[in-house]
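Heads up, the final residue of the sequence shown is numbered 1060 in the working numbering, and it's a clean run with no missing numbers. We put the CB at the ideal spot given by N, CA and C, even for glycine. Each remark here refers to the structure printed beneath this line.
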Amino acid sequence: SEGVPALLVITGADAAHVVSEARDVPALAEVPILAVVPSVPPTAVAEALAAGATDIARLPVPPIVLANRCRNLCKLARRDVAGALALGRINEVLTTHGDDSEALVQMLQITTTVLGFERGSLVAHIEGSEHAFVIAANDADAAAARFTLEIAEYPEINEAIRTVAPVLIDDVLTHPLTAGIADMLASRSVRATVVFPVAWRKRPLGVIMLRKRQPGIGHLGARGIELGRLIASLTAAHLRQGAVLESLRDQTHKISRARYEAERRLRGIDSLKEHFEAGADGVVVLDDVGRILFVNRAAERITGFARDGLLGSELVDLVTGDQVVQITDTITRVLAGANVDAFDLQLSTTSGQPAWVSVSTSTVLAGTGAVILAFRDVTAERALEHELRSTKEFLERLIDSTVDAIIAADLRGEIILFNQGAERLFGYRARDVIGKLPVWKLYEERGANQIMRMLRSTSYGGVGRLEQTRREILVSTGDAVPVSMTASLVYERGREVATVGILTDLRDRIRMEQRLLDAQQKLQSSEKQALVAELAGAAAHELNQPLTSIIGYAQLIERQSEKKAAHLRAVGVILSEAERMAGIVKKIGRITKYETTDYVGSARMLDLERAAPDSEPAIPVMGLDDSIIPVSPEDSQTGEFEPIVRSDPAGLQPSIGDLSDLDARRGGE
């Protein structure tokens, strides 16, 4: 309260007397007092302590020592105040809310804070029981559910209940009491622990267990231990008549009763135990509510749980929620005398990985109110089944998603696979074909037999294989459709069991090939016509010039010769044939398309009449009017003339020399 000092320092020869008077004042009764006494008489220290001094300092005392003692006394005073406040808060919480779970958790939170621990649990125990129950904890994992403990597995709890005295363990790794469970505690981050018995009139109701991660409990001291005792006593006073302990008493009684009934049942089946233990399958015996009465070694091996931990518990605690109804229904039917078909259960194990077991039942003990369940570990088989099922589903999706048609049939011709590609190609639905339509109905007559002969031959890719070949199939409309096909035989242990064919629709490809062929033919025709036109143009150009010279010279000879000259007839033939050739050259120059006609035997030649339209002479014949102007008749009589070329003088230039040579030869005659 206000006005009360945190510390009294009393000095002088009569310090003991003053301390005694201060303690008689109610407000100063709990205030720490430091008595500074003279060095003589020697009895001064004892007198001050007897008078009620908290601490003694003998003169002379260094100032720093005096200051440290004063500081320590103030800390102790504050700790005492904190302890008193904690007791008050705990009492208020328990008085207001009783043994409500939230109130008990709040009590533990206050206790761990004031005593310097990290985790706290309130463990209830019914006298005479081998079990204890965690009814409250200040950490989230433990607070989520109540735990049943085997007291024998927790020596520190067992010791506190047995002696009804606090158990202080500075380090679980070195303390003899926890030597057997030191590794387990260390794995749970527990190094130091204190257990305060919660007792009423020296009868234990449970314990308050405090734990911390680091070793060492020296910080408690005598005052801390006393505070822990007081908190435990206060908790016992509120817990002894609470609903929690009453519920636990009923539960313990039920467990004891169930154990008695279980033992009674087990006494009746002692003759079967050896049989159960000798089997490789797990065996559990359940009572009428599903509690486990017996577990063989194989069941321990499968689940990983010890037999003692399973006895008295319910089998439904080991399975998932959706299987609880199945177990309940199985127990009801077996007790009624009916066996149940084998079914699968997923059991929890100590490894954390669930185990799949195949369960079968027996009614041998139904008359005694017990159910026998035998189960075999099928975890590997179910995993393999799942993998195979996944692979099968993947392959089915893969087969259905492919564009090509895939068909499989057994050796009787019954279709067993008809994918979506086959549905699109044939126009049938799979459900209308599989097991209903023989495979040979999908091919032309005897087509299926021919394919089987090819599959068994070595000439088409080897025995059991058919390399890509072209066939015709019959679709739902009855039309024949060309396809590209590969096929193979399916073997099982060296024996033919089925055939598989993969078919690709060729209709689009054939149409594309035909269009490509037409385009190629048109291109070839265009190339031929272009080649002929170019060749014709070149030929016309090259032939026109010599023909012009021939005609010109022939005309000159004709005009310079006497009318009755013997060679005029030959000159006329030359002119006629040259003009005919000129007409042919003209046609060649006007060729616009490639047309042929029969020649000799199988040979063919270009048909100029159809390849070039009718036209006038291909090249102009150089006559008197347009090409050559002869000299006077006198000159013509003598053979002397001078040609005058009006068009393309260069074209006739090479021929003038030839005419001069001809004239010279005639003069020599």
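Contact set for residue i: own chain, Cβ-Cβ below 7 Å, skip 5 residues either direction
{"i": "residue 731", "result": "721, 724, 725 and 752"}
{"i": "residue 718", "result": "681, 706, 707 and 710"}
{"i": "residue 858", "result": "851, 852 and 877"}
{"i": "residue 934", "result": "976"}
{"i": "residue 768", "result": "693, 746 and 748"}
{"i": "residue 837", "result": "none"}
{"i": "residue 1012", "result": "Any reading at residue 1012 is ruled out, since the residue's pLDDT is 39, under 50, leaving its predicted position unreliable."}
Proximal residues to residue i (C-beta, below 8 Å), its chain only, five neighbours per side dropped
{"i": "residue 805", "result": "826, 829 and 830"}
{"i": "residue 411", "result": "442 and 443"}
{"i": "residue 593", "result": "555"}
{"i": "residue 511", "result": "499, 500, 502, 503, 528, 529, 599, 600, 601 and 602"}
{"i": "residue 408", "result": "442"}
{"i": "residue 807", "result": "799, 800, 801, 825, 826 and 889"}
{"i": "residue 683", "result": "675, 676, 677, 701, 702, 703, 704, 705 and 706"}
{"i": "residue 958", "result": "948 and 952"}
{"i": "residue 840", "result": "831"}
{"i": "residue 819", "result": "809, 813, 828 and 867"}
Nearest-angstrom beta carbon gap, residue j and residue i [assumed within contact, 8 Å]
{"i": "residue 927", "j": "residue 975", "result": "At roughly 11 Å, the Cβ-Cβ gap does not stay under 8 Å, so residue 927 and residue 975 are not in contact."}
{"i": "residue 529", "j": "residue 503", "result": "6 Å"}
{"i": "residue 418", "j": "residue 444", "result": "Actually they are not in contact, since the Cβ atoms of residue 418 and residue 444 sit about 17 Å apart, beyond 8 Å."}
{"i": "residue 398", "j": "residue 461", "result": "6 Å"}
{"i": "residue 797", "j": "residue 893", "result": "5 Å"}
{"i": "residue 695", "j": "residue 742", "result": "6 Å"}
{"i": "residue 630", "j": "residue 490", "result": "5 Å"}
{"i": "residue 970", "j": "residue 942", "result": "7 Å"}
{"i": "residue 539", "j": "residue 522", "result": "5 Å"}
{"i": "residue 436", "j": "residue 447", "result": "5 Å"}
Residue j beta carbon less than 8 Å from that of residue i
{"i": "residue 746", "j": "residue 889", "result": "no"}
{"i": "residue 703", "j": "residue 687", "result": "no"}
{"i": "residue 481", "j": "residue 622", "result": "yes"}
{"i": "residue 494", "j": "residue 513", "result": "no"}
{"i": "residue 588", "j": "residue 551", "result": "yes"}
{"i": "residue 855", "j": "residue 879", "result": "yes"}
{"i": "residue 689", "j": "residue 670", "result": "yes"}
{"i": "residue 601", "j": "residue 584", "result": "yes"}
{"i": "residue 835", "j": "residue 813", "result": "no"}
{"i": "residue 938", "j": "residue 994", "result": "no"}
{"i": "residue 546", "j": "residue 616", "result": "no"}
{"i": "residue 761", "j": "residue 699", "result": "no"}
{"i": "residue 979", "j": "residue 931", "result": "yes"}
{"i": "residue 865", "j": "residue 833", "result": "yes"}
{"i": "residue 450", "j": "residue 429", "result": "yes"}
{"i": "residue 790", "j": "residue 810", "result": "yes"}
{"i": "residue 873", "j": "residue 863", "result": "yes"}
{"i": "residue 736", "j": "residue 785", "result": "no"}
{"i": "residue 576", "j": "residue 565", "result": "no"}
{"i": "residue 962", "j": "residue 953", "result": "no"}
{"i": "residue 627", "j": "residue 590", "result": "yes"}
{"i": "residue 754", "j": "residue 728", "result": "yes"}
{"i": "residue 989", "j": "residue 895", "result": "no"}
{"i": "residue 484", "j": "residue 497", "result": "yes"}
is_contact[residue i, chain D] using C-beta, thresh 8 Å
{"i": "residue 401", "result": "Reference to chain D is not applicable here, since this structure consists of a single protein chain."}
DSSP beta-bridge partners of residue i
{"i": "residue 876", "result": "860 and 894"}
{"i": "residue 513", "result": "527 and 599"}
{"i": "residue 768", "result": "748"}
{"i": "residue 737", "result": "747"}
{"i": "residue 710", "result": "738"}
{"i": "residue 673", "result": "766"}
{"i": "residue 617", "result": "None, per the DSSP bridge assignment."}
{"i": "residue 686", "result": "675"}
{"i": "residue 882", "result": "887"}
{"i": "residue 753", "result": "763"}
{"i": "residue 834", "result": "864"}
{"i": "residue 623", "result": "DSSP output for residue 623 lists no bridge partner at all."}
Same chain, Cβ closer than 6 Å to residue i, five either side skipped, listed in chain order
{"i": "residue 770", "result": "746 and 747"}
{"i": "residue 905", "result": "none"}
{"i": "residue 573", "result": "563 and 564"}
{"i": "residue 605", "result": "582"}
{"i": "residue 1025", "result": "Unreliable placement is indicated for residue 1025, whose pLDDT of 42 sits below 50; the coordinate value is still reported in the next sentence. Same-chain partners within the cutoff: there are none."}
{"i": "residue 1017", "result": "Legend: pLDDT at residue 1017 = 40, less than 50; position of this residue unreliable, value from coordinates given subsequently. Cβ within range, chain order: n/a, list empty."}
Can you list the beta strand (DSSP E) stretches of 3 or more residues lying completely in the stretch 428-457, in chain order?
446-449
Scan the stretch 784-829 and note each continuous beta strand (DSSP E) run of 3 residues or more that stays entirely inside, going in chain order.
796-801 and 806-809
In chain order, each beta strand (DSSP E) run of at least 3 residues that lies wholly inside the stretch 963-987
none
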